[in-house]
Every structure is written in C-alpha cells, then in structure tokens.
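Peer 1:
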Amino acid sequence: MAHEAFVYVTVRDPRAQPLFAELAEEYRSRYADVIAAEDLEREMTRYPDEDFVQPRGAFVLLLRDGVAVAGGAFMPHADAGTAEFKRIWASRHERRQGLARRVLVELEAQAARQGYTRVFLGTGPRQPEAVGLYTTSGYTLLSAHDFGDVHPPGYHFEKLLPVLQDAQA
Numbered sequence: 001m002a003h004e005a006f007v008y009v010t011v012r013d014p015r016a017q018p019l020f021a022e023l024a025e026e027y028r029s030r031y032a033d034v035i036a037a038e039d040l041e042r043e044m045t046r047y048p049d050e051d052f053v054q055p056r057g058a059f060v061l062l063l064r065d066g067v068a069v070a071g072g073a074f075m076p077h078a079d080a081g082t083a084e085f086k087r088i089w090a091s092r093h094e095r096r097q098g099l100a101r102r103v104l105v106e107l108e109a110q111a112a113r114q115g116y117t118r119v120f121l122g123t124g125p126r127q128p129e130a131v132g133l134y135t136t137s138g139y140t141l142l143s144a145h146d147f148g149d150v151h152p153p154g155y156h157f158e159k160l161l162p163v164l165q166d167a168q169a
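Each step along the sequence shown adds one to the number in full-length UniProt numbering, with nothing skipped, and position 106 is 106.
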C-alpha cells in the first residue's frame, strides 16, 4: 500500500514544480483563446512566495511514496481574518481519487489553526471541476462572471471556518 502524507513546504520546493508545470499547461489549454500567453504565465507568479509561508500563509503538498500528487496554498486576504486559497491542484495522472478534496480539507484545518475564520477563493469560468468541488464542500457562491462581463471572469466562493481556541492569532 502506498504511503501518503501532507507536508508543508515553500512554493520553491522541487517536489512542487511538476504540479505547477501541469497547472500552467492546464491554464493554457483552457484559456489561451481569451488570455494572452504572457498573462497566463504572469498569473503563475503574481504573488510573492512569502505570502504562502507560515504564520500568515501555508503551502502544502500531498505526497504519495515521496512524490507530490496534489497540493494547494493559502495567503492572507485583504479582509481581516480571511485566508485566500490558491492553486489547489491534483496531478492529471492521479485525478478522480478525491485528492483535491483532501487538500481542501487540510488547508481549511491549517487555516483555522493559524487563526483564520473565513476562506475566500476564486476559480476560472472554465474550471467546472473546481466549481463542483467547492459547492459540494460547503462553500457559498458569492459571484460568477464569464468572459465579456463587466466584472473579472470567474467564480468566487467563501466558507466560514470553526474558531479554534488554541489557534495562532
């Protein structure tokens, strides 16, 4: 039986790079006709690495026998007490196993341990799998806009987290 474990690392951890490469390719395959290639590339690096480091943020990988099969991160959102989840991803070779859901649950628990009481996240309008994951995981849809709308495209969700007595403030 395979050994699986969550590990908290930095976004520069070499084990994360194949997942980022797959994510970039996924963005290109879904959005290249509406978003310029340089803008898609910039999206992958638009947030400083430090935003995803504890105690303000976190970056987690799910390892299977030492290989990253899924991951995700969060950083502080502009609203106090809110964590913004980013880059929740499962390897294309390991999909349909509930890995993204497990990462989501782990990120929620870690955000609560770090004192966050709310999660905000967004996903693109061409990512129905992500929309399905969030709606079936207790997230509330805040807004939805497609390309061409006045607002930036995408779906935005929120979820309230339990307040932990021993959480970091």
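Ideal Cβ placement from N, Cα and C applies to all residues, glycine included.
Predicted model, so just to flag it, every value in this text is computed and none were measured.
(1) Which residues in the same chain as residue 170 place their Cβ atom closer than 8 Å to its Cβ, once the five residues preceding and following it in sequence are excluded?
(2) Residues in its own chain within less than 6 Å of E4 by CB, not counting five upstream and five downstream?
(3) Could you check the C-alpha separation between Q110 and A58 for me, to the nearest Å?
(4) Would a C-beta distance cut-off of 8 Å place V60 and V11 closer than the cut-off?
(5) In or out: T114 buried (at least 16 other Cβ within 10 Å) or exposed?
(6) Starting from P18, trace the alpha helix (DSSP H) in both directions and tell me its first and last residue.
(7) Would a C-beta distance cut-off of 8 Å place L160 and R118 closer than the cut-off?
(8) If I measure Cβ to Cβ from Y155 and keep anything under 6 Å in the same chain, skipping five residues before and after, which residues do I get?
(9) Where Q54 and S29 are concerned, what is the direct C-alpha to C-alpha distance, given to the nearest angstrom?
(10) For a test of the three-state rule: what should DSSP assign to H93, helix, strand or coil?
(11) List the residues that DSSP assigns as beta-bridge partners of residue 180.
(12) Which of the three DSSP states, helix, strand or coil, is assigned to L164?
(13) Going by CA-CA distance only, name the one from A112, Q97 and G72 that's closest to L164.
(14) Counting only the same chain and skipping the five closest in sequence on each side, list residues whose C-beta sits under 6 Å from that of Y27.
(15) Ignore the nearest five residues each way along the sequence and tell me which others in A37's own chain have a CB closer than 8 Å to its CB.
(16) Between the alpha carbons of G72 and D33, how many angstroms are there, rounded?
(17) Have a look at T140, R92, L62 and E158 and flag the residue whose alpha-carbon is nearest the alpha-carbon of residue 238.
Peer 2: Well, looking at it:
(1) In this structure the chain extends from 1 to 169, so residue 170 is not present and cannot be described.
(2) R64
(3) 8 Å
(4) no
(5) Checking the sequence, you will find Gln at residue 114 rather than Thr. Buried.
(6) Q17 to Y31
(7) yes
(8) T123, V131 and A144
(9) 32 Å
(10) helix
(11) This structure cannot speak to residue 180, because the chain is shown only from 1 to 169.
(12) coil
(13) A112
(14) L40
(15) R28
(16) 26 Å
(17) With the chain covering 1 to 169 only, the question about residue 238 has no answer from this structure.
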